[in-house]
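The letter at position 111 of the sequence shown is residue 111 when you use our numbering, and the numbering goes up by one with no holes. See below for the structure under consideration.
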Amino acid sequence: MERYEQSATLSTVQVMQNGQIEEISVKKGVGTAAHIDALTITMPELVFNQSLDVVTDDEFACQISGIIYEIMGYGLSRAARGRNDYSLSYLMGSKRVSYGYVAFGGLQQRETVCIHFTGTDLISK
């Protein structure tokens with residue numbers, strides 16, 4: 001434990017929580033590196049359709065694509081077959097480079113959206 005404390009530095013990062021920017025302390029090792037290989041998040045469909053005005057799957061995909069574009073700088077590129085028990089999925093990236101996928105639909109998934117970012121995308125940010 002003592003060795004880690006000697007080789008660690010404390011820094012802060014800004015995060016958005018409940019609509020407010022907050023700073024949190026993060027320990028970083030000295031001379032060490034790590035990266036996120038992939039990131040998968042699941043959230044309720046209502047996050048992308050709060051006004052309940054989106055009716056079709058294509059409209060819903062466009063809504064999600066626009067929000068991802070605002071955050072990441074790209075949106076959904078093309079439809080694909082369902083995955084992970086979701087009935088629909090859309091790819092992000094190109095045929096050459098995959099940034100991940102978005103999946104939704106299906107009774108077993110309880111009206112959620114799954115967003116999966118690959119390490120290729122996360123390392124490029």
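By construction, the Cβ of each residue, glycine as well, lies at the ideal position given by its N, Cα and C atoms.
No Cβ-Cβ contact shorter than 8 Å links cysteine 62 with tyrosine 86. Between the C-alpha atoms of methionine 72 and isoleucine 41 there is a straight-line separation of about 15 Å. Annotated three-state conformation of serine 89 is strand, per DSSP.
Take the alpha-carbon of alanine 79 and the one of isoleucine 64: they are about 13 Å apart. Annotated as distal: valine 97 and serine 89, with beta-carbon spacing of 8 Å or more. For a cut-off of 8 Å, the C-beta gap from phenylalanine 48 to isoleucine 67 is around 6 Å, short enough to register as a contact. Within its own chain, the residues whose Cβ lies closer than 6 Å to the Cβ of glycine 105, once the five positions on either side in sequence are excluded, are Tyr86, Ser87, Leu88, listed in chain order. Following the DSSP letters along the chain, one finds tyrosine 69 inside the alpha helix (DSSP H) bounded by residues 57-72. Spatial neighbours of aspartate 37 in its own chain (CB-CB distance under 7 Å, excluding positions within 5 residues in sequence) are listed in chain order as Gly119.
When secondary structure is reduced to three states using DSSP, glycine 119 falls in the helix class. CA-CA distance, leucine 76 to serine 11, rounds to 34 Å. Put simply, the backbone Cα of leucine 91 is about 14 Å away from that of phenylalanine 60.
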